[in-house]
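A short worksheet on the structure shown next.
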Amino acid sequence: MTPEEIFKILQDKFPNSSFILDNELPTEAYIVWDGSELPEISKFLRDENTLLFDSLMNLSGVDDDNTKTVKDEEGNETVEPGTLCVYYHLHSMKLDHKVTLKVSVKKDDPKIESVEPIWRTADWHEREAYDMFGLIFLNHPNLERILMPYDWEEGSYPLRKDFETPEFYNGMKIPY
Amino acid sequence: MGLLDKEFGESNVVIAKVDDLMNWARLSSLWQLGFGLACCAIEMMATSASHYDFDRFGVIPRPSPRQADIIIISGTVTLKMATRIKRLYEQMPDPKYIISMGSCSNCGGPYWEHGYHVLKGIDRVIPVDVYVPGCPPRPEALLEGLLKLQEKIRNESLRKIA
Chain A
1 MTPEEIFKIL QDKFPNSSFI LDNELPTEAY IVWDGSELPE ISKFLRDENT LLFDSLMNLS
61 GVDDDNTKTV KDEEGNETVE PGTLCVYYHL HSMKLDHKVT LKVSVKKDDP KIESVEPIWR
121 TADWHEREAY DMFGLIFLNH PNLERILMPY DWEEGSYPLR KDFETPEFYN GMKIPY
Chain B
177 MGLLDKEFGE SNVVIAKVDD LMNWARLSSL WQLGFGLACC AIEMMATSAS HYDFDRFGVI
237 PRPSPRQADI IIISGTVTLK MATRIKRLYE QMPDPKYIIS MGSCSNCGGP YWEHGYHVLK
297 GIDRVIPVDV YVPGCPPRPE ALLEGLLKLQ EKIRNESLRK IA
């Protein structure tokens with residue numbers, strides 16, 4: 001099944017959620033989704049007989065690098081926080097087709113429902129996305145840092161575009 | 177080199193300086209902490225295997241830091257691992273030696289600029305005796321590093337330095 005067909009199925013089945021198909025070349029087509037009804041839709045993707053996405057190949061966070069500083073007429077600056085997003089790469093072993101979904105969240109409140117109850121493999125993937133981007137996966141069983149040290153500075157997420165390398169970690173100098 | 181070129185007495189007595197004897201014993205049985213970090217560890221394991229045969233210099237991997245004389249830092253030292261390495265080093269009994277193997281543990285290697293997670297040289301945490309350059313160094317290079325360390329040990333003395 002192509003992403004276009006999957007897109008149609010999702011649109012028909014979940015009229016309350018918004019889906020946009022992005023099929024601009026040269027990348028493979030993917031579905032942009034607002035992330036609403038996440039548990040229901042992911043369960044549907046896994047269990048629906050025509051889809052059967054039994055495998056979450058990859059889940060990754062991305063910083064869109066779209067933080068903007070806006071100046072109004074009086075010269076006051078306000079920061080628009082921009083977005084982080086989560087990509088889901090799904091594959092069906094039984095039907096041998098795949099699809100990519102993208103969900104964006106605001107950087108100042110990066111909360112998104114966990115898909116760990118649907119695909120167990122999401123456990124460590126979501127922990128990595130949390131570790132690197134600070135995405136908060138709600139209802140995740142154990143949302144802790146996975147790669148960085150457990151005592152790494154709170155709120156410091158290395159793959160965010162505005163990340164700056166700290167001078168020291170536990171008394172060890174970090175910059176060259 | 178060792179004792180063989182020293183004088184033998186008639187009653188099988190070997191005459192040597194205590195320094196020479198101690199140094200010879202130490203440099204000929206450098207037990208290594210079985211500890212690998214990254215791709216350098218693959219080369220280190222190849223050095224231990226039969227073709228390059230680390231054992232002919234008396235280097236045997238030991239599973240515990242308390243039985244080890246030498247630790248080869250073989251690979252990228254992340255900040256998370258650096259705290260662990262420091263602890264392992266502190267658990268080793270004196271005299272203890274360190275070979276820093278490869279660019280990563282020498283100076284951060286390819287992570288020198290953007291490696292937010294990498295310690296830029298193990299010598300920021302523990303004192304290094306021999307640096308082996310390479311990315312990763314071939315087994316021959318590691319063997320030369322070991323010979324350099326043996327050279328260093330050979331010139332050590334038990335005497336207190338005034």
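Chains as they are written, first to last, in our numbering: chain A, 1 to 176; chain B, 177 to 338.
Just so it is clear, CB atoms sit at the ideal spot from N, CA and C, and this is done for glycine as well.
| query | result |
| --- | --- |
| Chain-ordered chain A contacts of Glu-289/B [CB-CB under 8 angstroms] | Tyr-176 |
| Residues bridged to Cys-85/A [DSSP beta-bridge criterion] | Val-62/A, Ser-104/A |
| DSSP bridge partner residues for Trp-124/A (one or two, in chain order) | Note: Trp-124/A sits in no beta bridge, so no partner. |
| Option in Glu-153/A, Leu-51/A, Glu-73/A with minimal Cα separation from Thr-2/A | Leu-51/A |
| is_contact[Glu-255/B, chain A] using C-beta, thresh 7 angstroms | The amino acid at residue 255/B is misidentified as Glu; the sequence shows Leu. With 7 angstroms as the cut-off, Leu-255/B counts as an interface residue toward chain A. |
| Residue range of the alpha helix (DSSP H) that includes Asp-47/A | 38-47 |
| Beta-carbon neighbours of Tyr-307/B, restricted to chain A and to distances below 7 angstroms | Within 7 angstroms Cβ-Cβ: nothing; Tyr-307/B doesn't reach chain A, min ~16 angstroms. |
| Collapsed DSSP secondary structure at Pro-300/B in the structure displayed | The displayed chain sequence assigns Arg, not Pro, to residue 300/B. Helix, per DSSP. |
| Segment contact flag, the region 126-134 of chain A with the region 91-102 of chain A, C-beta cutoff 8 angstroms, min 3 pairs | no |
| Rounded separation between Ser-204/B and Ile-112/A - CA only | 60 angstroms |
| Contact between the region 14-28 of chain A and the region 49-63 of chain A (3+ Cβ pairs under 8 angstroms) | no |
| Environment of Lys-173/A [buried if 16+ CB atoms lie within 10 Å] | exposed |
| Inter-residue spacing [alpha-carbon to alpha-carbon] between Lys-343/B and His-227/B | Residue numbering for chain B in the displayed model covers 177 to 338; residue 343/B lies beyond these limits and cannot be assessed. |
| Coil, strand or helix - Lys-111/A by DSSP | strand |
| Minimum Cβ-Cβ distance from Ser-333/B to chain A less than 7 angstroms | no |
| Exposure of Ser-279/B, with buried meaning 16 or more beta-carbon neighbours within 10 Å | buried |
| 7 angstroms Cβ cutoff, Tyr-130/A in contact with chain B | no |
| Minimum Cβ-Cβ distance from Tyr-87/A to chain B less than 7 angstroms | no |
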